[in-house]
Amino acid sequence: MTTYVYETIPTKPGQKPRRFEVQQSMQEAPLTKHPETGEPVQRIISGGYGIIAQKAAPPPAPCGGQCACYGQN
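In structure tokens:
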């Protein structure tokens, strides 16, 4: 079962949408109405969550005595 995010579609001016989650099979059709209130809804497609890992930068090359910092460490 997949968890989908839905949002109510405001029907009156000033009404704010509300988000909720529903577990559904991927074969099930998207909901068109809120299961409890009957309000019209739309399924939200988001970017999802993930972990982005970056490789560490290589250490800077030693100056080799060509600058004033040589030998200070």
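Numbering-wise, our numbering puts 1354 at position 51 of the sequence shown, and it's gapless, one number per residue. Don't be surprised by glycine CBs; every beta carbon is placed ideally from N, CA and C. Treat the numbers as computed from the prediction; the structure is a model and nothing was measured.
Use the C-beta contact count for residue i: other C-beta atoms within 10 angstroms, 16 or more gives buried, fewer gives exposed.
i     : result
V1308 : exposed
Assuming residue i and residue j make a contact with CB atoms under 8 Å, what is their CB distance in whole Å?
i     : j     : result
Q1326 : T1306 : 5 Å
T1314 : P1343 : 7 Å
Could you check the C-alpha separation between residue i and residue j for me, to the nearest Å?
i     : j     : result
Q1345 : P1333 : 8 Å
G1317 : G1341 : 19 Å
I1348 : M1304 : 17 Å
R1322 : G1353 : 21 Å
A1359 : C1366 : 20 Å
A1364 : I1355 : 27 Å
DSSP has residue i in a bridge; who is on the other side?
i     : result
T1305 : Q1327
How would you write the range of the beta strand (DSSP E) that residue i sits in, first residue to last?
i     : result
R1346 : 1344-1347
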